[in-house]
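Since the structure comes first, as structure tokens, the remarks are kept for the end.
Numbering (this note's numbering), first residue to last: 17 to 415.
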């Protein structure tokens with residue numbers, strides 16, 4: 017049986033280089049068959065009329081939001097299976113068809129980010145992925161001072177469960193937290209722990225860095241080597257200086273996530289790393305912790321991709337803001353959440369742009385109440401989300 021052929025008409029089509037007005041996109045089965053500039057009479061064809069923008073579906077390189085779905089507040093835990101399936105529906109509604117979930121692997125007793133719990137969540141994601149609307153990939157966030165978590169991360173690497181491993185160092189005194197009080201101020205409510213407990217955790221991290229640095233570096237190098245052998249992408253997280261970037265580059269990282277200073281950003285660019293910043297940072301106009309502004313990094317030409325970090329809806333709205341405020345053309349703004357993340361993941365041959373031969377992962381972007389919204393999402397040619405209200409052209413579409 018021949019694959020179903022559907023022609024999408026009526027919307028402005030965002031290609032890698034321009035916006036195609038008055039054309040059509042042809043989908044055959046799971047893939048894009050053609051982009052038509054001039055549309056002939058379509059008698060007998062299966063035509064899907066859309067309004068607004070027709071764009072590639074979004075690819076989220078880093079999302080921590082699943083943690084909040086499982087634990088919406090300290091002490092309140094939702095079964096992982098339920099949280100995954102419900103979050104999957106939210107992602108489709110936000111136009112995201114590929115997501116890389118960041119799971120923290122720490123040694124903290126009783127913490128929902130403890131490595132044993134994160135491993136159980138990873139297994140649940142893998143188990144339920146075939147029934148999901150979108151693609152769910154896994155990213156292990158390894159805290160270099162928590163060497164007890166390394167064997168678990170390495171096991172997940174060997175089992176083929178991970179797409180990415182990132183190396184983090186949240187010990188106070190550098191990078192994200194300049195002091196123990198900064199660390200406590202952030203983590204006490206996040207972990208639902210008493211400040212004195214969190215302060216002891218901070219002091220233990222500092223002690224390990226001071227007294228066991230050679231061991232920490234050796235464990236990170238061993239884990240990085242195991243990941244590289246399995247083709248797992250390596251990233252660094254919250255680099256604060258050129259020295260941080262150099263240390264990460266020595267492990268073989270190819271992505272720099274959320275550099276917190278201009279010095280680190282410049283160093284990452286000089287080494288050819290793919291730089292990822294947070295879409296909420298773009299949307300809000302700055303970092304929640306006073307670190308490097310994503311808008312300033314974009315102004316300097318230092319950002320390859322933006323990710324949702326903790327707020328999935330931000331991918332669409334950050335891209336719309338960048339276009340509306342003149343930071344980027346529409347194809348350039350959308351490439352930050354589509355083609356460039358696909359390139360970082362080695363998936364650009366299949367995803368990330370509206371080109372013949374690629375999988376038909378598409379979104380239709382309309383407008384409601386003056387706000388751009390996703391009105392329709394397709395993954396590999398199949399509709400996974402359709403809004404229950406009339407489509408209309410979004411405000412970010414050129415007249």
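Backbone N, C-alpha and C define an ideal beta-carbon position, used for all residues, glycine too. From a predicted model like this one, the values you see are computed outputs, not experimental measurements.
Asked	Found
Sequence-distant residues of its chain with Cβ nearer than 8 angstroms to residue 101 (five each side left out)	144, 147 and 148
Reduced DSSP category for residue 302 - H, G, I as helix; E, B as strand; rest coil	coil
Per DSSP, the bridge partner or partners of residue 249	180
Cα-Cα separation between residue 77 and residue 104, rounded to whole angstroms	15 angstroms
Environment of residue 275 [buried if 16+ CB atoms lie within 10 Å]	buried
Assigned secondary structure, residue 231 (DSSP; H/G/I helix, E/B strand, else coil)	helix
Whole-Å CB distance - residue 271 paired with residue 236, under 8 angstroms assumed	16 angstroms between Cβ atoms; not a contact.
Residue 420 to residue 253 span [Cα, whole Å]	Beyond the ends of the chain as shown, which are 17 and 415, falls residue 420; an answer cannot be given.
Cβ distance (whole Å) where residue 162 is taken to contact residue 123 below 8 angstroms	4 angstroms
Pairwise C-alpha distance: residue 38 and residue 86	44 angstroms
Boundaries of the alpha helix (DSSP H) in which residue 167 is found, first to last residue	166 to 174
Anticipated Cβ contact below 8 angstroms, residue 50 with residue 378, distance rounded	That belief does not hold up - the Cβ atoms of residue 50 and residue 378 are roughly 14 angstroms apart, past 8 angstroms.
Start-end ranges of the beta strand (DSSP E) lying completely within the stretch 99 to 137, minimum 3 residues	112 to 121
Alpha-carbon spacing of residue 182 relative to residue 83, whole angstroms	17 angstroms
Pair within 8 angstroms by beta-carbon distance, residue 280 and residue 255	yes
Rounded straight-line distance, which links the Cα of residue 22 to that of residue 126	Because residue 126 sits at a pLDDT of 49, beneath the cut-off of 50, its placement in the model cannot be relied upon, and the point is left open.
Beta-ladder partner(s) of residue 340, from DSSP	BP columns for residue 340 are empty, so no partner.
Residue nearest to residue 260 in terms of C-alpha spacing, selected from 278, 400 and 369	278
Simplified DSSP assignment, three categories, for residue 277	coil
Where residue 265 falls, given that 16 or more other Cβ within 10 Å makes a residue buried	buried
Residue 46 and residue 397 closer than 8 angstroms at C-beta	yes
Alpha-carbon spacing of residue 178 relative to residue 20, whole angstroms	33 angstroms
Exposure of residue 373, with buried meaning 16 or more beta-carbon neighbours within 10 Å	exposed
For residue 260: DSSP bridge partner residues	Looking at the DSSP assignment, residue 260 forms no beta bridge with any residue, so it has no partner.
Rounded separation between residue 315 and residue 79 - CA only	24 angstroms
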